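Structure first, then comments.
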Amino acid sequence: MKFFIDTANLKDIKSAQELGVIDGVTTNPTLIAQELKSASYADFKAHIRLICELVDGPVSAEVTSLLANEIIAEGEDLAQIHEHVVVKCPMTPDGIKAIKHFSQKGIKTNATLVFSATQALLAAKAGATMVSPFIGRIDDVSHIASAVQSSPVYFNTPATIEKACMLIKQAAYEGAELVAFPEVFVSAYPYWNWVMDPIQGSEWFEKLCQSSITISSPEVGVLCQVAKEYGCVVVIGINERAANSVATIYNTVLIINEKGELIGRHRKLVPTWAEKLTWAAGDGSSLKVYETKIGPLGVLACGENTNTLARFALLSQGELVHIANYISLPVAPVDYDMAEAIKIRAAAHSFEGKIFTIISCSTVSEEIISLYEKVVPNIRERMAKKSSAFSGFIGPNGQLIGEHLIDNEGIVYATIDLNKCIQPKQMHDIIGHYNRFDIFNLKVNIDAQESAVFYSKKEEEKLKEENQFVCN
Numbered sequence: 001m002k003f004f005i006d007t008a009n010l011k012d013i014k015s016a017q018e019l020g021v022i023d024g025v026t027t028n029p030t031l032i033a034q035e036l037k038s039a040s041y042a043d044f045k046a047h048i049r050l051i052c053e054l055v056d057g058p059v060s061a062e063v064t065s066l067l068a069n070e071i072i073a074e075g076e077d078l079a080q081i082h083e084h085v086v087v088k089c090p091m092t093p094d095g096i097k098a099i100k101h102f103s104q105k106g107i108k109t110n111a112t113l114v115f116s117a118t119q120a121l122l123a124a125k126a127g128a129t130m131v132s133p134f135i136g137r138i139d140d141v142s143h144i145a146s147a148v149q150s151s152p153v154y155f156n157t158p159a160t161i162e163k164a165c166m167l168i169k170q171a172a173y174e175g176a177e178l179v180a181f182p183e184v185f186v187s188a189y190p191y192w193n194w195v196m197d198p199i200q201g202s203e204w205f206e207k208l209c210q211s212s213i214t215i216s217s218p219e220v221g222v223l224c225q226v227a228k229e230y231g232c233v234v235v236i237g238i239n240e241r242a243a244n245s246v247a248t249i250y251n252t253v254l255i256i257n258e259k260g261e262l263i264g265r266h267r268k269l270v271p272t273w274a275e276k277l278t279w280a281a282g283d284g285s286s287l288k289v290y291e292t293k294i295g296p297l298g299v300l301a302c303g304e305n306t307n308t309l310a311r312f313a314l315l316s317q318g319e320l321v322h323i324a325n326y327i328s329l330p331v332a333p334v335d336y337d338m339a340e341a342i343k344i345r346a347a348a349h350s351f352e353g354k355i356f357t358i359i360s361c362s363t364v365s366e367e368i369i370s371l372y373e374k375v376v377p378n379i380r381e382r383m384a385k386k387s388s389a390f391s392g393f394i395g396p397n398g399q400l401i402g403e404h405l406i407d408n409e410g411i412v413y414a415t416i417d418l419n420k421c422i423q424p425k426q427m428h429d430i431i432g433h434y435n436r437f438d439i440f441n442l443k444v445n446i447d448a449q450e451s452a453v454f455y456s457k458k459e460e461e462k463l464k465e466e467n468q469f470v471c472n
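Position one of the sequence shown corresponds to residue 1 (the UniProt record's numbering), numbered consecutively onward.
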């Protein structure tokens, strides 16, 4: 074990060095500024040099720049001060780029602003010599979750998977341990059902079938690999093609754990309104809650978050983190505020269950509008409706927490602390003490639907004989 003193005070450093209790020093611009009478960069560098001459070990000197190219320039300058200098870089996407550059140049680095084990792992992968974790945050039971609000590369599954991997990486750099994606992000929502007649839409349905994937496809394998590489739980919507049919598609949500294992698949129970022209209905076999490092996690897609029984079925399995993924719907009726409807559903589920809800919604890109414009001349006007997408987080009290987005693309973040569920549940725990199961009884059929059941008549007769023998 090695000990580093976090100060820029020369007297304290000298005393600790003489006692032989330190192996190095970490500093930051604020600590150094407290020791200097002037704020000049020359004095800043001179003070670092004095510290380096006092100790026989690494001295972390922190950059103040934020952009990768500026961090690199500043870090290379700091590294020339003394051989003991270790360049301290922020744990941000630009900081990671700089750390990788320094590693290739043989310049030692210290990654700071590390709030999770995932971030520490990423810093190490980039080549950081050491990391400066905020132990209080790492030991905390809370987790950083993220929700993506973005559009797919329409009908282009390989490009959409590549985009998803990039977004997972970006969220992980910000410390996210869970990345939630929109409904059917891979790789198209059937807007044609809303703006074309069924005959016109048939050609588009064929394109969707051709771009849909199965859960055993290589594309899912890529997502699993990235989830493992960055230590993130990934929840993402796909168009899932049935294994036994080229024209049956499910609106499916995949749950991938931080080990890169596909631990769950939920198929939307009932396609909403016009969606029935595209997707088959799911069944109760996928109405499950999954154990993840974030907590017991359940998912529902878009409109089925209105289904009280489906939501209660998840709560009754101990759900504490709910993923509600949606699509932007500017083609909804004029008086329908999609963003507000999303928030109402999420707030209801969080408040009733005293849990966290993470909402991820898609957006409508210029690419999507241009594709439809060839067939639907007024589509640009119809797609221009505001307040059509919402991504964000709702806490156990039914209130917004963390960051949120309306309509615009981006990634939002919030801290999920499951301890926050305890006190509200003391008052209203509808799956426990605050219910009457002697009065109410919900039964959920968890059998998977099958198009055919194959069996052997001989085996059936043999089984009957064996059972008869046992009974006699």
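The beta carbon of each residue, even a glycine, is placed where N, CA and C say it ideally should be.
All values derive from a computational prediction rather than experimental measurement.
In whole angstroms, what separates the C-alpha of residue i from that of residue j?
i, j, result
"Val412", "Gly402", "8 Å"
"Thr308", "Leu314", "10 Å"
"Leu178", "Leu287", "20 Å"
"Pro190", "Ser211", "12 Å"
"Tyr290", "Ile263", "7 Å"
"Gly318", "Pro296", "7 Å"
"Gln104", "Val321", "41 Å"
"Phe4", "Asp429", "47 Å"
"Glu76", "Arg49", "15 Å"
"Asp197", "Ile255", "34 Å"
"Ser150", "Ser328", "9 Å"
"residue 475", "Asp447", "Given that the chain is displayed from residue 1 to residue 472, the structure contains no residue 475 and the question cannot be resolved."
"His101", "Val226", "22 Å"
"Lys11", "Gln80", "24 Å"
"Lys228", "Thr160", "19 Å"
"Leu66", "Ile72", "10 Å"
"Gly221", "Glu18", "56 Å"
"Ser217", "Tyr250", "15 Å"
"Lys420", "Val453", "47 Å"
"Gly398", "Arg265", "27 Å"
"Asn445", "Ile369", "41 Å"
"Ser187", "Cys89", "37 Å"
"Gly260", "Ile342", "30 Å"
"Asn110", "Val87", "6 Å"
"Val376", "Leu400", "37 Å"
"Ile32", "Cys232", "36 Å"
I'd like to check one pair, residue j with residue i: are the Cβ atoms closer than 7 Å?
i, j, result
"Thr363", "Ala389", "yes"
"Gly175", "Ser116", "yes"
"Asp6", "Thr26", "yes"
"Leu78", "Ala61", "yes"
"Met91", "Leu113", "yes"
"Ala243", "Cys209", "no"
"Asn325", "Ser360", "yes"
"Ser350", "Pro424", "no"
"residue 476", "Glu35", "No statement about residue 476 is possible, as the shown extent of the chain runs from 1 to 472 and does not include it."
"His84", "Val59", "yes"
"Tyr230", "Ile168", "yes"
"Asp94", "Ala123", "no"
"residue 478", "Phe185", "The question about residue 478 has no answer here: the residues shown for the chain are numbered 1 through 472."
"Leu277", "Glu304", "no"
"residue 473", "Ala414", "The structure shown does not extend to residue 473, since the chain is modelled only from 1 through 472, so no value can be given for it."
"Ile394", "Ala346", "yes"
"Asn193", "Ala281", "no"
"His143", "Ile416", "yes"
Buried or exposed: residue i, going by 16 or more other Cβ atoms within 10 Å of its Cβ?
i, result
"Val470", "Reliability of the predicted coordinates at Val470 is poor, the pLDDT of 49 falling under 50, and the value obtained from them is presented with this limitation in mind. That one is exposed."
"Lys354", "buried"
"Ser456", "exposed"
"Asn472", "In this predicted model, Asn472 has a pLDDT of only 47, less than 50, meaning its place in the structure is not dependable enough to derive any value."
"Thr30", "exposed"
"Ala180", "buried"
"Lys163", "buried"
"Gly432", "exposed"
"Phe437", "exposed"
"Arg267", "buried"
Assuming the contact rule is C-beta atoms closer than 8 Å, residue i and residue j should be a hit. Round their C-beta distance to whole Å, please.
i, j, result
"Ala301", "Val331", "Between Val331 and Ala301 the Cβ distance is about 18 Å, and since that is not below 8 Å, they are no contact."
"Leu405", "Ser391", "5 Å"
"Leu442", "Phe312", "6 Å"
"Ile107", "Leu54", "Not a contact, Cβ separation roughly 21 Å."
"Val234", "Leu223", "6 Å"
"Ile96", "Tyr154", "With 8 Å as the limit, Ile96 and Tyr154 do not qualify as a contact, their Cβ atoms being about 30 Å apart."
"Ile215", "Glu240", "6 Å"
So with Cβ pairs under 7 Å, would you call residue i a contact of chain B?
i, result
"Tyr154", "Chain labels in this structure do not include chain B; a single protein chain is all it has."
Please tell me whether, using a cut-off of 6 Å, the distance from the CB of residue i to the nearest non-hydrogen atom of the ligand PLP is below it.
i, result
"Ala384", "Absence of the ligand PLP from the depicted structure is noted, as is the absence of any ligand whatsoever, leaving it without description."
(message) List, from N- to C-terminal side, the alpha helix (DSSP H) runs of 4 residues or more that fit wholly inside the region 36-110.
(response) 41-54, 68-79 and 93-105
(request) Enumerate, from N- to C-terminal direction, the unbroken alpha helix (DSSP H) stretches of 4 or more residues contained entirely within the region 397-431. (result) 422-427
(message) Ignoring anything shorter than 4 residues, give me the alpha helix (DSSP H) runs that lie fully in the region 192-237, in order along the chain.
(response) 192-195, 198-211 and 218-230
(message) Could you tell me which whole alpha helix (DSSP H) segments of length 4 or greater appear in the region 319-367?
(response) 338-353
(message) Quick check on the DSSP output: what are the complete beta strand (DSSP E) runs of length 3 or more inside the region 283-310, in order along the chain?
(response) 296-301
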